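Residues in the sequence shown are numbered from 4 upward in steps of one, following my numbering.
Single-structure report; data block below.
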Amino acid sequence: MKNRIFLTALLSIAIAHPALAQQTNSSSSQQAATTDQNTASSSQATPASSKETPRDSHTDFWEGDEPSAAALIFHPFASKGYVHRHTQPIRDRLNELEELNASNSRMTKDADTSTQQGIQLVSDKTKEADQHASDASNKSHLAQQTASSVNDRLPKVE
């Protein structure tokens with residue numbers, strides 16, 4: 004039993020030691036590469052280089068971690084920060100779309116209201132025109148009747 008515990012501890016140290024050594028070596032080489040890039044970019048300061056955007060360090064699968072046994076074991080566990088970083092652009096886009104949707108909804112309601120007012124105004128004018136046409140028709144019938152009664156009396160008078 005004690006041999007198994009000792010063997011497990013020894014094996015885990017043997018696996019973790021190269022991973023830790025690899026991480027410390029890669030971070031020191033990254034720092035050296037960064038200082039070389041900074042000196043090169045400062046010596047060649049041009050307007051085009053100022054327009055370049057810095058690379059996002061969180062674009063790769065490992066999120067800046069070196070691939071190692073520990074990273075393979077603990078990488079699948081998402082932290083709040085990791086989830087927040089990956090869902091924030093989605094939230095931002097959703098908020099933008101909600102604002103656009105609300106704006107379009109307001110514009111649609113305004114257009115609908117003005118259209119309804121226009122339709123109501125046309126309906127009122129049509130009713131008024133129908134009333135005027137009906138009055139004119141009634142007056143024309145009355146004039147026709149009057150003219151016909153006058154025509155009937157005119158031969159009698161002569």
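The C-beta atom is built at its ideal place from N, Cα and C for all residues, glycine as well.
In this text, all values refer to a predicted model and were calculated from it rather than measured experimentally.
- A direct Cα-Cα distance of roughly 43 angstroms separates Gln148 from Gln119.
- Between the alpha carbons of Ala72 and Leu14 lies a gap of roughly 12 angstroms.
- Ala81 carries a coil assignment under DSSP once its states are collapsed to helix, strand and coil.
- Residues of the same chain with their beta carbon placed closer than 8 angstroms to that of Ala132 are lacking, with the five preceding and five following residues left out of the count.
- Taking each of Met4, Arg7, Asp138 and Ile76 in turn and checking the Cα distance to Ile18, the smallest one comes out for Ile76.
- In the structure shown, Met110 falls within a helical segment according to DSSP collapsed to helix, strand and coil.
- Assignment of Ser71 by DSSP, reduced to helix, strand and coil, places it in the coil class.
- Apart from sequence neighbours up to five positions away, no residue of its chain approaches Ser82 with a beta-carbon distance below 8 angstroms.
- Distance from the CA atom of Thr11 to the CA atom of Ala22, rounded to whole angstroms, is 17 angstroms.
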